[in-house]
Amino acid sequence: MAAADARDSHRRPRWGRFILIGVALLFLGLFLLLPLLAVFAQALAKGVGAYVTAISDPIAWSAVKLTLLVAAVAVPFNLVFGVAAAWAIAKFEFRGKSALITLIDLPFAVSPVIAGLIFILLFGSHGWFGGYVRAHHIRVVFAVPGIVLATIFVTFPFIARELIPVMQAQGKDDEETALSLGATGWQTFWRVTLPNIRWGLMYGVLLCNARAMGEFGAVSVVSGHVRGLTNTMPLHVEILYNEYNYTAAFAVASLLALLALLTLAGKSFLEWRQPELRHAAAQARDRTRRGIK
Amino acid sequence: MATPAAAIGFKSRLPKRPPQRVLPGFGLTLGYTMVYLSLLVLIPLSAVFIRSFEPGWSHFWEVVTAPRVVASLRLSFGASLIAALINVIFGLVVAWVLVRYSFPFKRLIDAMVDLPFALPTAVAGIALTALYAENGWLGMRLLPLGIKVAFTPLGIVVALTFIGLPFVVRTLQPVLEDLDREVEQAAATLGATAAQAFVRVVLPALWPALLTGFALAFARAVGEYGSVIFIAGNMPMKSEIAPLLIVTKLEQFDYAGATAIAVIMLVLSFALMFGINALQHWALSRHGGR
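First to last, the protein sequences are chains R and F.
Each residue of the first sequence is one higher than the one before, starting from 323 at the first, in our numbering.
Each residue of the second sequence is one higher than the one before, starting from 169 at the first, in our numbering.
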């Protein structure tokens, strides 16, 4: 790398590289750094005291709790699915595999608002299962179950798409060896496969969790915005903002921004532990498009 | 399949070869995958299509050709197109700089590129609005130049550029890393300038990845809601995006109207993705891959 850089620098004018680096940094500074700084600057605009008051508000705390609850249900659901889908797709050959991968990615192509609408069409008062739900006194739409369902939908592909390339790269030699030595299927999974995929698994969980906690559009449609009951943190930010309570809105937003920074730090750590995670999903998508298995 | 022993007529004493699938769990995992996928994605998604045609074709057509709906669709797709193109241009520069050059804090900057994936869209929305509003850090500097960003379609493009930013960078990076620099050096040896080498040698190899990044950024932008509604101003016919119109119709209990717009958005998005995929196949067959 260094040698190539040195060679290049003899041939190419140095100013070209400075201009390109300058353009890239300006673009990233304008679109990434400034918005991030703005969140913290606005949150602390009226001093630390106002900030602390805003985030210790009991309604803000009920929003934090609901966000944690929703993620705690949605992420494990998609985790079990992700492991099952990756096992079937990575370890076996069958017809329609690339179609299945495309279908798993489908929620990424659906607007979050439409994801919310779907569950209103199913469980709302005029929905397919609306009558059933009402007869059994279950609330889905405008209640916590609807928020969880919408969150599962929008975060559906995250873990599967990170795990599929990881499991494909590992092949099935380790598992076959374990089985030939007399291990049962479950023993093989728990003692061989799971340790092999642990970094990829954490990577998927991290990304899934960030989206689950931050989802706005889908959750906004199904939640009904009942303060202190069906308000997740991003929805609470919206309510405070629309009430012109900017300090409080940005204070709650700053907690979400901290979560985003923690997610990025965790992601960098996992990529350092296992560098192939970095582009695994992008390359897998590329391979599927080229029709290479 | 006949074993060699069976082929020459001996009765094999070896136990029958197990079927090709040695690993267990195929039925269980594929079955679970199909059931979960159907229950949570396929059946719910099909509900939108089926419900949209319940009031009949003429109602569907009436909704999606209403001027306010057409304006919102044009805005959503148009602003997404512009934002995705901005991301193609600057994403190429950012990916190039991150792969080819070394400079201080490169690792940190590289990690920051994923911020739009990690930052909740509502947070991005209010932060961008605070920046570009007339009293914001950037808004007050742009105002004397006569440029208004917040509460105009320009603000929508800014928000959509933010949320689509990582896609082009992240699809280009692995391709640029794999690119053989000797080809460029060969071009330089043969007398090509750096710009000629880039346009004739590097760019053709990047087309498929650029298209993929564009498609992903575009698809994400078309459906985006959270980051846009704060900065858009949301004026009907002017700065009202299609997802917001769906929400508005839902709030008025116009389920049929909301569903019709959802279906037209899904159909347009899928058609575009299909077209871009076909274009990509063409680009790949023309340039023979990387």
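Virtual Cβ for every residue (Gly too), placed ideally from N, Cα, C.
Note that the structure is a prediction, hence the values are computed from the model and not measured.
Cβ-based neighbour list, residue i, same chain, cut-off 7 angstroms, excluding 5 preceding and 5 following
| i | result |
| --- | --- |
| alanine 363/R | none |
| alanine 377/F | Thr339, Leu340, Val343 |
| arginine 329/R | Residue placement at arginine 329/R is flagged as unreliable, the pLDDT there being 49, under the threshold of 50; a coordinate-derived value is accordingly withheld. |
| arginine 600/R | Glu593 |
| threonine 477/R | Ala396, Asn400, Cys530, Arg533, Ala534 |
CB contact flag (residue i, residue j, <8 angstroms)
| i | j | result |
| --- | --- | --- |
| alanine 579/R | valine 361/R | yes |
| valine 435/R | glycine 526/R | no |
| tyrosine 482/R | alanine 407/R | A quick correction: the sequence has alanine, not tyrosine, at residue 482/R. For alanine 482/R and alanine 407/R, yes; Cβs fall inside 8 angstroms. |
| alanine 365/F | glutamate 352/F | yes |
| alanine 428/F | valine 261/F | no |
| arginine 339/R | tyrosine 269/F | yes |
| isoleucine 294/F | alanine 505/R | no |
| proline 357/R | leucine 311/F | no |
| methionine 489/R | isoleucine 519/R | yes |
Residue i (DSSP reduced to helix, strand or coil)
| i | result |
| --- | --- |
| proline 376/F | helix |
| threonine 233/F | coil |
| alanine 313/F | Inspection of the sequence shows that residue 313/F is occupied by leucine rather than by alanine. Helix at leucine 313/F. |
| alanine 505/R | coil |
| arginine 417/R | coil |
| glutamate 598/R | coil |
| threonine 628/R | No statement about residue 628/R is possible, as the shown extent of chain R runs from 323 to 615 and does not include it. |
| isoleucine 444/F | helix |
| tryptophan 512/R | helix |
| threonine 361/F | coil |
| alanine 387/F | helix |
| tryptophan 450/R | coil |
| arginine 461/R | coil |
| aspartate 278/F | helix |
| aspartate 379/R | coil |
| phenylalanine 430/R | helix |
| proline 404/F | coil |
| threonine 197/F | helix |
| tryptophan 305/F | coil |
| glycine 224/F | coil |
| leucine 205/F | helix |
Residue i versus residue j - alpha carbon distance
| i | j | result |
| --- | --- | --- |
| phenylalanine 411/F | alanine 286/F | Strictly speaking, residue 411/F in this sequence is proline, with phenylalanine absent from that position. Answer to the nearest angstrom: the Cα atoms are 21 angstroms apart. |
| alanine 290/F | threonine 499/R | 49 angstroms |
| methionine 280/F | leucine 354/R | 8 angstroms |
| alanine 247/F | valine 317/F | 13 angstroms |
| alanine 362/F | glycine 332/F | 29 angstroms |
| glycine 453/R | serine 447/R | 7 angstroms |
| phenylalanine 480/R | aspartate 495/R | 26 angstroms |
| leucine 503/R | lysine 589/R | 36 angstroms |
| tyrosine 302/R | alanine 298/F | There is simply no residue 302/R to check, as chain R begins at 323 and stops at 615 in what is shown. |
| tyrosine 373/R | tyrosine 568/R | 11 angstroms |
| alanine 239/F | alanine 582/R | 34 angstroms |
| tryptophan 508/R | alanine 573/R | 46 angstroms |
| leucine 205/F | leucine 422/R | 9 angstroms |
| phenylalanine 451/R | valine 395/R | 22 angstroms |
| tyrosine 393/F | isoleucine 486/R | 29 angstroms |
| proline 214/F | threonine 389/R | Here residue 214/F turns out to be serine, not proline, going by the sequence shown. Using only the alpha carbons, I get a separation of about 28 angstroms. |
6 angstroms CB neighbourhood of residue i in its chain, flanking five on each side removed
| i | result |
| --- | --- |
| alanine 121/F | For chain F, the structure presents residues 169 to 458; residue 121/F sits outside this window and is missing. |
| alanine 426/F | Ile414, Lys417, Leu418 |
| valine 514/R | Asp496, Glu497, Ala500 |
| valine 396/F | Ile324, Ala327, Ile409 |
| isoleucine 442/R | Val463 |
| threonine 380/F | Thr339 |
Same chain only: Cβ atoms within 8 angstroms of residue i, ignoring 5 sequence neighbours per side
| i | result |
| --- | --- |
| glutamate 345/F | Val267 |
| arginine 595/R | Trp521 |
Distance cut-off 7 angstroms: residue i Cβ against heavy atoms of the ligand FAD
| i | result |
| --- | --- |
| alanine 421/R | For the structure depicted, the ligand FAD is absent and the ligand set is empty, with no information on it obtainable. |
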